[in-house]
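Undergrad: I have a structure here, written as structure tokens, and I will follow up with some questions on it.
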Amino acid sequence: MDWTIGFAVGMFTAFFLLVVFDIRLIRSSRKAKDPFKNAIAHRLSVGPSIVAVGGGTGLSALLRGLKGFTRNITAVVAVTDEGGSSGRLRAEWGVLPPGDVRNCMVALAEDDNALKRLLDFRFDRGELSGHNLGNLLLLAVSELCGDFRLAVEQMNRLLAIRGKVLPVTTEAVTLVGLAKDGRKIRGELDISRNGHDLESIWLEPKGAKPLAEVLRAVEEADLIVLGPGSLFTSVIPNLLLPEFAEKLRETRVPKVYICNLMTQPEETEGMDIAAHLEWVSAAMGSVPEYVAVNSEPFPDNLLAAYKQEGAVPLYLDRYQRQKINRMGSAILELPMLQINDEKHLRHNSYKLAEMILRLFRDLEGGKLNI
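For the sequence shown, my numbering begins at 403 and goes up steadily by one.
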């Protein structure tokens, strides 16, 4: 990165810090005068402690809903991203990919729309073309702190988000898989293209350590949520860290796997919900107590467009219900569909959060009425 890029990053970083500082001052003064907002802050502060594990846009969707019910949220994010701006920064600077971490921070911010516009600003020309401001800010803070974990911690505090975002590890790891025909597949991009043909998957170098804060969050959690997100490139990479998987197995806290709405072309092509759950269970070494699946029908026009791309809906049938029950996982079915821009099917953030909080309350009260 030449001096022009460094200068641009420095200028944008200074501007960003000034803007955020001003916003925090304004919010603090307003909150001090508003008893209603103080009451909301208190309610959020006594909400359940939830650990959400994943990456990509799926985890961000869940966090946007959860922050309306509790601020005791820890987002544990995968660090194997190799695409786009994150992949370039990882290759050129040797930093962990910042994209998913940035998305989760934005999702947990009080005013995520304003912050999203700022942090998601993407440069379209010159040496910065393809990079967005949020990724460059995390890079700049990482350089200042000399440590990606400390940079994430500083950004958590700076943005005053409802909860905290943690990379699952600060070690540089790479996804590696073995295909059914014996081919060795290396890197997240190739894994995503060959997931449907995988026989096994692991991280290299082996033995990477999760952050101590991540393990502590699991110990203190009231509920642990896995997903939603790409099976092999967002959810499973976290579970491939042996100590983290062991900690999840040991905890008595219930774990919920939120299944995707649809298969992903090439990555999970031909896989049903039971197959998704089997891969998650194999990576973690135990079966999640609950699996949440969508029960809402898809609009025909959008369904046809997705099918042309090779994606099909993930619905339960009688065979899958029996198989999942035999595995020891209880099924939570609910409508969780949201349509963005009249063409993109996504999880409904608030329905997901309501389901998670209702499950927590029912478990706390000794009953389950979902």
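By construction, the Cβ of each residue, glycine as well, lies at the ideal position given by its N, Cα and C atoms.
Predicted model only: the values in this text are computed from it and were never measured.
(1) What separation, rounded to the nearest whole angstrom, lies between the Cα atoms of residue 747 and residue 736?
(2) Tell me whether residue 427 is buried or exposed, calling it buried when 16 or more other Cβ atoms sit within 10 Å of its Cβ.
(3) Measuring CB atoms only, is the region 567-575 touching the region 471-478, in the sense that at least three cross pairs come out at less than 8 Å?
(4) Taking the alpha helix (DSSP H) that residue 683 falls in, what are its first and last residues?
(5) Is the CB-CB distance between residue 610 and residue 643 below 8 Å?
(6) Alpha carbon to alpha carbon, how far is residue 758 from residue 764? Give it in angstroms, no decimals.
(7) Is it buried or exposed for residue 713, if we count other Cβ within 10 angstroms and need 16 for buried?
(8) Which of helix, strand or coil does DSSP assign to residue 564?
(9) Starting from residue 467, follow the alpha helix (DSSP H) in both directions and report where the run begins and ends.
(10) Cutting at 7 Å between CB atoms, please list the residues of its own chain near residue 762, excluding the five before and the five after it.
(11) Within 8 Å, do at least three Cβ pairs link the region 645-655 to the region 674-692?
(12) Between the region 532-543 and the region 488-507, can you find at least three pairs of beta-carbon atoms closer than 8 Å?
(13) Does the distance from the C-beta atom of residue 605 to that of residue 455 stay below 8 Å?
(14) Only counting the same chain, and skipping five residues up and downstream in sequence, which positions put a Cβ closer than 8 Å to that of residue 583?
(15) Just how far apart, CA to CA, sit residue 423 and residue 558?
TA: Quick look at the numbers:
(1) The count along the sequence shown starts at 1 and reaches residue 747 at position 345. The count along the sequence shown starts at 1 and reaches residue 736 at position 334. If you take the alpha carbons of residue 747 and residue 736, they lie about 15 Å apart.
(2) Numbered from its first residue, the sequence shown carries residue 427 at position 25. In this prediction, residue 427 has a pLDDT of 49, which is less than 50 and means its spatial position is unreliable; what the coordinates show is noted afterwards. Label assigned to residue 427: exposed.
(3) yes
(4) Walking along the sequence shown from the start, residue 683 turns up at place 281. Looking at the DSSP string, the run of the alpha helix (DSSP H) that includes residue 683 is 675-686.
(5) The residue given as residue 610 occupies position 208 in the sequence shown. The residue given as residue 643 occupies position 241 in the sequence shown. Against a cut-off of 8 Å, the Cβ pair of residue 643 and residue 610 comes out as a contact.
(6) Here residue 764 refers to the residue found at position 362 of the sequence shown. Here residue 758 refers to the residue found at position 356 of the sequence shown. Near 10 Å, if we compare the C-alpha coordinates of residue 758 and residue 764.
(7) By 1-based counting over the sequence shown, the position of residue 713 is 311. Residue 713 is buried by the Cβ-count criterion.
(8) On the sequence shown, residue 564 is found 162 positions in, with the first residue counted as 1. Taken through DSSP and simplified to helix, strand or coil, residue 564 comes out as coil.
(9) As a working note, residue 467 is residue 65 in the sequence shown. Start and end: 458-468.
(10) In the sequence shown, the residue the question calls residue 762 occupies position 360. 450, 624 and 625.
(11) Enough Cβ pairs lie closer than 8 Å, so yes.
(12) yes
(13) Position 203 of the sequence shown, counted from the first residue, corresponds to residue 605. Position 53 of the sequence shown, counted from the first residue, corresponds to residue 455. In this structure, residue 455 does not lie closer than 8 Å to residue 605 by Cβ.
(14) On the sequence shown, residue 583 is found 181 positions in, with the first residue counted as 1. So the qualifying residues of the chain are 599.
(15) Residue mapping note: residue 423 aligns to position 21 of the sequence shown, counting from 1. Residue mapping note: residue 558 aligns to position 156 of the sequence shown, counting from 1. Low confidence applies here, because residue 423 scores a pLDDT of 49, under 50, leaving its location unreliable; read the following figure in that light. In a straight line, the C-alpha of residue 423 is about 13 Å away from that of residue 558.
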